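Participant:
Residue numbers (UniProt numbering): 1 to 360.
#1: Using 8 Å for Cβ pairs, my map puts residue 139 next to residue 145. What's the rounded Cβ distance?
#2: Spatial neighbours of residue 34 within its chain, please: C-beta separation below 7 Å, excluding the five flanking residues on both sides.
#3: Closest to residue 287 by C-alpha separation, out of 312, 281 and 355, would be which residue?
#4: Report the option in 290, 98, 155 and 344 whose CA atom is closest to the CA atom of residue 141.
#5: Apart from the five residues just before and just after residue 240, which ones in its own chain have a Cβ nearer than 8 Å to its Cβ?
#6: Assuming residue 174 is part of the alpha helix (DSSP H), what are its boundary residues?
#7: Report the CB separation of residue 67 from residue 45 in whole angstroms; it is logged as a contact under 8 Å.
#8: Can you tell me whether residue 106 is helix, strand or coil according to DSSP?
#9: Using a Cβ-Cβ cutoff of less than 6 Å, which residues in the same chain neighbour residue 164 once the five nearest sequence positions on both sides are dropped?
#10: Going by the DSSP bridge assignment, what does residue 261 pair with across the sheet?
#11: Please determine, among 176, 226 and 184, the residue with the shortest C-alpha to C-alpha distance to residue 191.
#12: Taking the C-alpha atoms as reference points, what is the distance between residue 238 and residue 97?
#13: What's the C-alpha gap between residue 193 and residue 14?
#14: Mind checking residue 170: buried by the 16 CB within 10 Å criterion, or exposed?
#15: Looking at C-alpha atoms only, which residue of 157, 198, 137 and 319 is the closest neighbour of residue 307?
#16: For residue 347, count neighbouring C-beta atoms within 10 Å of its own C-beta (all shown protein chains included) and say buried if the count is 16 or more, exposed if not.
#17: Taking only three categories from DSSP, how would you classify residue 336?
Printed below as a string of structure tokens:
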């Protein structure tokens with residue numbers, strides 16, 4: 001009986017998808033993305049891991065053979081490749097793409113990292129000639145989509161999102177958000193390009209007026225020692241550095257925060273902002289990446305193209321002084337994020353889009 005049920009279950013899987021992923025574990029945006037959604041797939045999904053540097057370069061011919069074997073044995077309905085916009089990643093994945101074409105396998109591409117500086121001088125004749133072989137392309141923002149279209153990409157381009165694991169918010173009670181505005185949070189890599197110095201300067205302006213305010217940095221990075229020294233030199237009080245946190249410890253920082261300040265110079269779709277939203281934090285951020293496509297000024301917090309700390313300090317004051325406004329934004333952000341950004345929702349949309357191309 002169990003065997004019959006198993007056979008029926010397998011037969012009901014209408015779609016086989018082979019997805020290229022860097023590694024089975026470890027750091028990296030693409031790896032974390034696919035490991036984070038692995039349990040939510042409903043279809044027959046297989047990950048093809050091509051390994052860490054430098055081993056994947058050393059064993060590259062073997063990887064190609066192994067990839068061909070998976071195409072033959074797994075018989076995917078469609079293959080999903082995952083490059084960033086850069087020469088090395090594109091060269092690697094264009095080889096996979098052309099192998100798929102040779103074996104008459106439908107192919108889609110998800111461009112995770114989008115480097116506009118690279119795009120300025122890239123060989124778009126080569127890029128478009130290859131990307132146009134894909135049935136569809138996924139990107140994280142409308143700006144990325146517009147740039148691809150401008151550069152001659154004819155394949156269908158779809159917007160998608162990063163995700164927050166469904167389990168991440170288990171046990172969180174939104175009713176705890178009663179409008180308190182004392183602890184400002186930043187999470188992510190501690191790097192200059194993440195706007196960490198502007199974050200400190202924004203806090204410093206606010207701290208001069210609101211003595212009970214605190215600032216919490218969650219994360220690690222090359223700029224951490226210099227940032228600590230910067231805070232010390234400016235004699236700014238109540239700035240806390242937790243270092244890198246994971247799991248429940250990371251979750252507690254979101255719960256204990258009241259506002260989220262994220263002034264990164266460039267982004268794709270920053271997962272940390274989506275996480276902050278789902279925990280009901282008002283967001284104060286910049287017009288970068290996919291945030292531009294959904295962020296509602298006033299309803300979700302504040303978004304601006306500016307990098308001026310004074311601009312963000314001024315924007316945060318009405319929230320600090322108005323508990324009802326804080327409470328309203330908290331409820332809106334949490335409900336919006338649950339509806340749009342939890343992993344199970346993102347995966348369903350992804351699967352439904354891929355199915356349309358299999359049925360062509």
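Backbone N, C-alpha and C define an ideal beta-carbon position, used for all residues, glycine too. Note that the coordinates shown come from a computational prediction; the quantities given were computed from them, not determined experimentally.
Facilitator: For this structure:
#1: 5 Å
#2: 19, 21 and 47
#3: 312
#4: 290
#5: 214, 215, 216 and 217
#6: Per DSSP, residue 174 belongs to no alpha helix (DSSP H) and is neither H nor E.
#7: The pair is not a contact, with the Cβ atoms about 16 Å apart (cut-off 8 Å).
#8: Three-state result, residue 106: strand.
#9: If we look at residue 164 and ignore the five residues flanking it on each side, its Cβ neighbours are 274, 275, 278, 341 and 342.
#10: Beta-bridge analysis with DSSP links residue 261 to 284.
#11: Among 176, 226 and 184, the Cα nearest to that of residue 191 belongs to 226.
#12: 52 Å
#13: 44 Å
#14: exposed
#15: 198
#16: Burial call: buried.
#17: helix
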